[in-house]
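In my numbering, the protein residues as written are 368 to 533.
Contents: one structure, followed by commentary.
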């Protein structure tokens, strides 16, 4: 990418969203620890609910920005470069939907002997998968985008991200 300064660098926007996601992952991780130590508590469920609201709202928008705007531009330069990231997105949303199902079961009193373990394992899986995914995007994919995109492509990317962020 040619050197251009922008008020709202789209990569910086995505990285800020990753930072907010990391905070939610810590909250989710703390809820898991609490459930392992104290069992299901109101506080643990409130932490999980807060994380779920974030991922259902802001983080779905984040993935939309990547899938609709970042990935297609990267694919123009390097076909196949985003395949792994798209697969990770699908895997993460599948795990997230399973977590949501586990939480709904607990809230509705549909407890099985494995309910607690299933919820804890699913939440832990999300934490590990998403932390690794964020690290790869921040250190590999976003760096490649900055190197590969022309000034015009970067401006297009910026405008598209801004249209979803606004």
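All residues carry an ideal CB built from backbone N, CA and C; glycine is no exception.
{"Asked": "Run of the alpha helix (DSSP H) containing residue 459, from where it starts to where it stops", "Found": "450-474"}
{"Asked": "Span of the alpha helix (DSSP H) around residue 421", "Found": "409-421"}
{"Asked": "Pair within 9 Å by beta-carbon distance, residue 392 and residue 494", "Found": "yes"}
{"Asked": "Three or more C-beta pairs below 8 Å linking the region 408-419 and the region 496-510", "Found": "no"}
{"Asked": "Local conformation of residue 373 per DSSP, three classes", "Found": "Model confidence at residue 373 stands at a pLDDT of 44, short of 50, so the residue's coordinates are unreliable; what they give is reported in the following sentence. Three-state result, residue 373: coil."}
{"Asked": "Cβ shell of residue 368 (< 6 Å), same chain only, five flanking positions each side left out", "Found": "Confidence in residue 368 is poor, its pLDDT being 44 and thus under 50, which makes the residue's placement unreliable; the coordinate value appears in the next sentence. These residues qualify, in order along the chain: 513, 516 and 521."}
{"Asked": "Cβ neighbour criterion (16 or more within 10 Å) applied to residue 377", "Found": "buried"}
{"Asked": "Contact check, residue 479 vs residue 485, beta carbons under 9 Å", "Found": "yes"}
{"Asked": "Per-residue DSSP class, three states only, for residue 447", "Found": "coil"}
{"Asked": "Between the CA atoms of residue 490 and residue 471 - distance to the nearest angstrom", "Found": "14 Å"}
{"Asked": "Residue 406 - DSSP class collapsed to helix/strand/coil", "Found": "coil"}
{"Asked": "Residue range of the unbroken alpha helix (DSSP H) whose run includes residue 506", "Found": "Taken as a continuous stretch (DSSP letters only), residue 506 belongs to no alpha helix (DSSP H), as it is neither H nor E."}
{"Asked": "Alpha helix (DSSP H) segment containing residue 427, residue limits", "Found": "427-432"}
{"Asked": "Through-space distance from residue 423 to residue 530, alpha-carbon basis", "Found": "19 Å"}
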